[in-house]
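Per the numbering used here: the sequence shown = residues 11 to 214. Here is the structure we will look at, set down as C-alpha cells.
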Amino acid sequence: MAADLEFACSCGAVKGVCRDAGGRMGIRVVCYCADCQAFAYFLGRADDYLDAAGGTDIYQTPPSRLEITKGLDRIKQVAVSPGGMQRFYAACCMTPLANTIPARNLPFAGTFVRNYDAARRAETFGPPVSAVFVNYAQGEPVTKSRIATPFLVLDLMRRAAREWLSGKSRKNVYLDAADEGRIDAPQRLTADERARLDAMAVRT
Numbered sequence: 011m012a013a014d015l016e017f018a019c020s021c022g023a024v025k026g027v028c029r030d031a032g033g034r035m036g037i038r039v040v041c042y043c044a045d046c047q048a049f050a051y052f053l054g055r056a057d058d059y060l061d062a063a064g065g066t067d068i069y070q071t072p073p074s075r076l077e078i079t080k081g082l083d084r085i086k087q088v089a090v091s092p093g094g095m096q097r098f099y100a101a102c103c104m105t106p107l108a109n110t111i112p113a114r115n116l117p118f119a120g121t122f123v124r125n126y127d128a129a130r131r132a133e134t135f136g137p138p139v140s141a142v143f144v145n146y147a148q149g150e151p152v153t154k155s156r157i158a159t160p161f162l163v164l165d166l167m168r169r170a171a172r173e174w175l176s177g178k179s180r181k182n183v184y185l186d187a188a189d190e191g192r193i194d195a196p197q198r199l200t201a202d203e204r205a206r207l208d209a210m211a212v213r214t
C-alpha cells in the first residue's frame, strides 16, 4: 500500500519525505555497481550502507516524489565518475541521500532505504525484487533477483511515462536546488581519487 514515508540523515539535520512510496510508483533493488560502492567509500559509510558483497539497498522512484523538509543547506553532491549519476549526501554526517540522472528527460531517482524507519520501510517498500550490476559484486551477491533486468527497464519506462503525462517529469528537488545555487556544484573526483576508492572496495 502506498504511503508517505519520512527519511533522515544519521544525525537528523537533514530530513525529507518520499510521497506515495510503495505500490506502483517505485521499486526496491540492491545495486552492486562500482559507482555505488565508490560513493559509500567516499562518504566513509561503507560498513553502514553496503552489504557483504558491496550492494546498496535503493528504492527507485520518480524524483517528483521526493521532498526535502529540513536541512537543504547541509546537502552536497559528488560525481564519482564522468558522465555518471549525480549523487547527493548530507555533509553534516556523510549520509548518502539520493542518486539521480542529470538529464531531466528521464525522471529517475534512487533513495537510500536505510534512511527510512525500519518497520515502515519493510511494510511499504517490501523486500528487494532484484539485484543489478551483479558483475561488480565483491563475491556472491547477497540479494538474488526475482525480476529480470529487462522487466526492470520496462517498469522504469512505465513510471517515466506516467511522469511525462502528468507534467511532473522535470520536478527534482535535488536538481532544482543545484540549479538555483542552493546546493553547490558537484565535487568531481580525480582518476587517482577514484582509483583509491575502487581499491578500498575490493574484498578478498
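The beta carbon of each residue, even a glycine, is placed where N, CA and C say it ideally should be.
Use the C-beta contact count for residue i: other C-beta atoms within 10 angstroms, 16 or more gives buried, fewer gives exposed.
i: PRO117; result: buried
i: THR110; result: buried
i: CYS46; result: buried
i: LEU15; result: buried
i: GLN87; result: buried
i: GLN70; result: buried
i: ARG198; result: exposed
i: CYS215; result: Residue 215 lies beyond the range of the chain shown here (11 to 214); nothing can be said about it.
i: ALA204; result: With the sequence shown as reference, residue 204 is identified as Arg, and Ala is not the correct amino acid for it. Classification of ARG204: buried, given that the 10 Å Cβ count is 16 or more.
With respect to the alpha helix (DSSP H) encompassing residue i, which residues constitute its N-terminal and C-terminal limits?
i: TYR51; result: 44 to 53
i: GLU133; result: 128 to 135
i: ALA187; result: 183 to 189
Taking the beta strand (DSSP E) that residue i falls in, what are its first and last residues?
i: ARG29; result: 25 to 31
i: ALA18; result: 13 to 18
When the distance is taken between beta carbons, is residue j closer than 7 angstroms to residue i?
i: ARG169; j: PRO72; result: yes
i: THR134; j: ALA13; result: yes
i: ALA147; j: GLY64; result: yes
i: ARG192; j: LEU107; result: no
i: CYS19; j: ALA100; result: yes
i: GLY54; j: MET95; result: no
i: VAL183; j: ILE78; result: yes
i: VAL123; j: ARG131; result: yes
i: ASP57; j: VAL152; result: no
i: SER74; j: LYS178; result: yes
i: LYS25; j: LYS80; result: yes
So residue i and residue j are in contact, right, with Cβ under 8 angstroms, and what is the actual spacing, rounded?
i: ALA23; j: CYS102; result: 4 angstroms
i: ARG114; j: LEU185; result: 7 angstroms
i: CYS43; j: PHE143; result: 4 angstroms
i: TYR59; j: ALA50; result: 5 angstroms
Item to complete: Pick out the complete beta strand (DSSP E) segments inside the region 70 to 158, 3 residues or longer, and give them in chain order.
Response: As far as the region 70 to 158 is concerned, its whole beta strand (DSSP E) runs of at least 3 residues are 76 to 80, 85 to 89, 96 to 100, 105 to 110, 119 to 122, 140 to 142.
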